[in-house]
Amino acid sequence: MRLLLVEDDPMLGDSVQCVLQQESFAVDWARDGEEAELALNAFLYDCVLLDLGLPGKNGLDLLHDLRKRKSSMPVIILTARDAVSDRVAGLDSGADDYLVKPFDPDELTARIRALLRRRDGRVEPLITFGTLTLNPATHELYCQGRPIRLSLREFSLISLLLERPGATVSREQLEERLYGWNEEVESNAIGVHIHNLRKKLGHDLIRTVRGVGYMVIENP
Ligand code: CA
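The opening residue of the sequence shown carries number 0 in numbering that gives the first Met the number 0; numbering runs sequentially from there.
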């Protein structure tokens, strides 16, 4: 899952980025309004974490523009402005959620998971598929009740494939959702992760669609 963090405070930005990366998110960090605007025009993010007071273009203007373009990207406002009127203005401008600084990183990641759940139309916090059960909060995966050890990247990859079982996802799409803009991606990185997932989960779960990408299928 790829997130856009829009934050001009270097210390806060750095700590939020670290926490989110440890939670297996790919994070692009925009430090001012213009950088954020470029990023929002270039990528489809799974969630946007938006500070309001920014150099360049402010957060509410960015949000207005995003919704004017009919973008449904989930947006959580992160700001020190804690007046009720500010919160109401943020939500009524199209934000999905609002968190007042200082906040606990655990609460932020739980809110992101809740938003992604709603976006994907899931009611249950756990993702189940065939004999697999994934817990996005703990990054645990169980196959027939047996825990399977996965790296964070492998966990993200199988989560992405399980978003739409039966649909083919290209290598480029997977790379775009798994890696932030300042991360080096080896040309065969996705192939290596798929190989490792097959070793751990069996060869039949992830099918290669030649020249197109990958898909997960149940009971092949
Ligand atoms: Ca700020």
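Note that beta-carbon positions come from the ideal geometry of N, C-alpha and C, so glycine has one too.
Assign M0 to buried or exposed, taking buried as 16 or more other Cβ atoms, counted over all protein chains shown, within 10 Å of its Cβ. By the 10 Å Cβ count, M0 comes out buried.
Consult DSSP for D96 and reduce its assignment to one of helix, strand or coil. Residue state, collapsed to three classes: strand.
Chain-ordered list of residues that sit, by beta carbon, closer than 5 Å to a heavy atom of ligand 1: After applying the 5 Å Cβ criterion, the set is D7, D50, G52.
Can you have a look at L173 and say buried or exposed, based on whether 16 or more other CB atoms are within 10 angstroms of its CB? Residue environment for L173: buried (at least 16 other C-beta atoms within 10 angstroms of its C-beta).
Under the three-state reduction of DSSP, which class applies to E175: helix, strand or coil? DSSP places E175 in helix when its eight states are reduced to three.
Taking L200 as the reference, which of I157, E185, R170, S186 has the closest Cα? Among I157, E185, R170, S186, the Cα nearest to that of L200 belongs to I157.
Bridge-paired residues (DSSP) for F128: Answer is L131, bridged to F128.
Where does L85 sit, in a helix, a strand or coil, going by DSSP? Per the sequence shown, the amino acid found at residue 85 is Asp instead of Leu. Three-state DSSP puts D85 in a helix.
Alpha carbon of E34 to alpha carbon of A88, nearest angstrom: Rounded to the nearest whole angstrom, the C-alpha separation of E34 and A88 is 23 Å.
I147 to V215, Cα distance in whole Å? Our two residues, I147 and V215, have alpha carbons roughly 17 Å apart in a direct line.
Proximity below 8 Å, CB of L107 to CB of Y97: Going by C-beta atoms, L107 is not nearer than 8 Å to Y97.
Tell me which residue opens and which closes the beta strand (DSSP E) that R206 is part of. Taken as a continuous stretch (DSSP letters only), the beta strand (DSSP E) holding R206 covers 205 to 208.
Helix, strand or coil at L114 according to DSSP, with G and I counted as helix: L114: helix per DSSP, three-state reduction.
For L48, which beta-bridge partners are listed by DSSP? Answer is L4, I75, bridged to L48.
Proximal residues to S23 (C-beta, below 7 Å), its chain only, five neighbours per side dropped: The beta carbon of S23 lies closer than 7 Å to those of H138, L151, F154, S155 in the same chain, with the five residues before and after it left out.
Coil, strand or helix - L53 by DSSP: Judged by DSSP in its simplified three-state form, L53 adopts coil rather than helix or strand.
Taking 7 Å as the limit between beta carbons, can you name the residues of its chain near P54, skipping five residues before and five after? For P54, where only same-chain residues beyond five positions count, the Cβ hits under 7 Å are D7, D31, G32.
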